[in-house]
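Here is the structure we will look at, set down as structure tokens.
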Amino acid sequence: MAGGDGAGAAESSPPPVPATASIARQDLVDTKTVEGALTYSGERQVSTDAAGTVTWAPAEGALVRRGRPLLRVDRRPVVLMYGSLPMYRPLRQGVDDGPDVEQLERNLKVLGHGDDLTVDDHFSYATYLAVKEWQDDAGLPETGQVDASQVVFLPAAARVTDAKVEVGDRTAPGRPALTVSGVRRLVHVDLSTDDQSLARKGAKVTVELPGGERITGKITSVGTVAEAVPSGQRQDEGSTIDVDITLSKTPKTRLDKAPVEVELVSERRENVLAVPVEALLALREGGFGVEVVEGASTRLVPVDLGAFGSGMVEITGAGLAEGMKVGVPAT
Numbered sequence: 001m002a003g004g005d006g007a008g009a010a011e012s013s014p015p016p017v018p019a020t021a022s023i024a025r026q027d028l029v030d031t032k033t034v035e036g037a038l039t040y041s042g043e044r045q046v047s048t049d050a051a052g053t054v055t056w057a058p059a060e061g062a063l064v065r066r067g068r069p070l071l072r073v074d075r076r077p078v079v080l081m082y083g084s085l086p087m088y089r090p091l092r093q094g095v096d097d098g099p100d101v102e103q104l105e106r107n108l109k110v111l112g113h114g115d116d117l118t119v120d121d122h123f124s125y126a127t128y129l130a131v132k133e134w135q136d137d138a139g140l141p142e143t144g145q146v147d148a149s150q151v152v153f154l155p156a157a158a159r160v161t162d163a164k165v166e167v168g169d170r171t172a173p174g175r176p177a178l179t180v181s182g183v184r185r186l187v188h189v190d191l192s193t194d195d196q197s198l199a200r201k202g203a204k205v206t207v208e209l210p211g212g213e214r215i216t217g218k219i220t221s222v223g224t225v226a227e228a229v230p231s232g233q234r235q236d237e238g239s240t241i242d243v244d245i246t247l248s249k250t251p252k253t254r255l256d257k258a259p260v261e262v263e264l265v266s267e268r269r270e271n272v273l274a275v276p277v278e279a280l281l282a283l284r285e286g287g288f289g290v291e292v293v294e295g296a297s298t299r300l301v302p303v304d305l306g307a308f309g310s311g312m313v314e315i316t317g318a319g320l321a322e323g324m325k326v327g328v329p330a331t
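Residue 194 in the UniProt record's numbering sits at position 194 of the sequence shown, and the numbers go up by one each step.
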């Protein structure tokens, strides 16, 4: 087989090889596929200070925008407004100035209330009038005061992922009423800590969705806290970190929690010699080689292997060069 000089002496091989492939010089990307789930961004629990009987609750998957009710308690709406601060205190005339006042006034303006209202951090008489106008329009008591029984502030439109209460249930201040998320689709991966080196913020990935749809994405969040895998969920015990991936376009499927496969890049090798994996031959003395085809002759050249990727493998060996032909099984 291989010559004693280690360079692979030429040997005549009477039967020609079934087929050949060229040694290519290319970039090679080694990948690993992990499991994930298609979901939505920013999932959170929503509770209110409303107390009474639930008379309306949104369906799972419903989209709630600014000015629309998240819930109705005793037929009175709990309205969604946009903002980063929670409703942590009642807002009324005489309250200390603050960014939560400005947040409320901005929403009132957008909803068309308060022609004379100046959006700032002061709860003025104009704010009081705008609140009363909004309350009249929403079907709430016209008190001129806003509290957490009437309004929930969330950063943007909310998609209902789970209703914790049903029509007829009693609710009370602080009781979780809904689970909501943002409307942006993303992929979540519980990545084994053994593979955490594969998850680099900003790295590009490929996601295969239900039905075979493939979409590129980018890692936008990598958790820093390892979480233990619950007993019985995996055969191999260990811990995971949270990895979130933003997709480059909206997937066709509308399924939530749909299982997906994520192709992560584990190694990238540039400008290397590579052959199809099926060109490798196991050597009797151990290791691998390739059968170099030169006209009617062949010779076996031992090779060292590098990265694998997309059905190709990096090789190094004496006398190998781009464009040489190597034997492969017939297809």
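Backbone N, C-alpha and C fix where the C-beta goes; we use that ideal spot for every residue, glycine too. Here the structure is a predicted model, which means the values were calculated and not measured.
Where residue i falls, given that 16 or more other Cβ within 10 Å makes a residue buried
i, result
"Gln103", "buried"
"Glu105", "buried"
"Gly144", "buried"
"Leu80", "buried"
"Glu291", "buried"
"Lys249", "exposed"
"Thr298", "buried"
"Gly168", "exposed"
"Ser12", "A caution first: Ser12 carries a pLDDT of 44, below 50, which makes its placement in the model too unreliable to give a value."
"Asp116", "exposed"
"Ala9", "Residue placement at Ala9 is poorly supported in this model, since its pLDDT is 43, which falls under 50; the coordinates still yield a value, given next. By the 10 Å Cβ count, Ala9 comes out exposed."
"Pro329", "exposed"
Whether residue i touches residue j by CB criterion (9 Å)
i, j, result
"Arg269", "Val180", "no"
"Pro259", "Pro210", "yes"
"Gly327", "Thr20", "yes"
"Thr171", "Thr240", "no"
"Val222", "Asp242", "yes"
"Arg200", "Leu247", "no"
"Ala37", "His188", "yes"
"Leu154", "Tyr82", "yes"
"Asp97", "Phe123", "yes"
"Leu198", "Lys32", "yes"
Of the listed residues the options, nearest to residue i (C-alpha basis)
i, options, result
"Arg89", "Asp100, Met81, Gly83", "Asp100"
"Val262", "Gly217, Pro176, Pro86, Gly112", "Gly217"
"Ser149", "Val110, Met87, Ala199", "Met87"
"Lys132", "Leu108, Pro251, Phe153, Asp120", "Leu108"
"Leu91", "Thr33, Val152, Lys325, His188", "Val152"
"Val165", "Pro173, Gly174, Leu178", "Leu178"
"Gly61", "Pro77, Lys257, Glu314", "Lys257"
"Arg284", "Val17, Val275, Leu300", "Leu300"
"Trp56", "Pro77, Glu267, Thr224", "Pro77"
According to DSSP, residues forming a beta bridge with residue i
i, result
"Tyr82", "Leu154"
"Ser239", "Ala228"
"Leu264", "Lys32"
"Ala21", "Val326"
"Phe288", "Ala282, Val303"
"Ser181", "Arg159"
"Trp56", "Arg72"
"Thr250", "Thr250 pairs with nothing; no bridge assigned."
"Pro90", "Pro90 is not bridged to any residue."
"Gly309", "Met312"
"Ser124", "Beta-bridge pairing links Ser124 to no other residue."
- Task: Flag this pair as touching only if the stretch 145 to 161 and the stretch 63 to 75 have three or more C-beta atom pairs under 8 Å; answer yes or no.
- Result: yes
- Message: Measuring CB atoms only, is the stretch 292 to 311 touching the stretch 25 to 37, in the sense that at least three cross pairs come out at less than 8 Å?
- Response: yes
- Counting Cβ pairs closer than 8 Å, one from the stretch 269 to 280 and one from the stretch 47 to 54, do we hit at least three? no
- Message: I'd like to know if the stretch 68 to 76 and the stretch 202 to 219 are in contact, where contact means that at least 3 CB-CB pairs between them fall below 8 Å.
- Response: no
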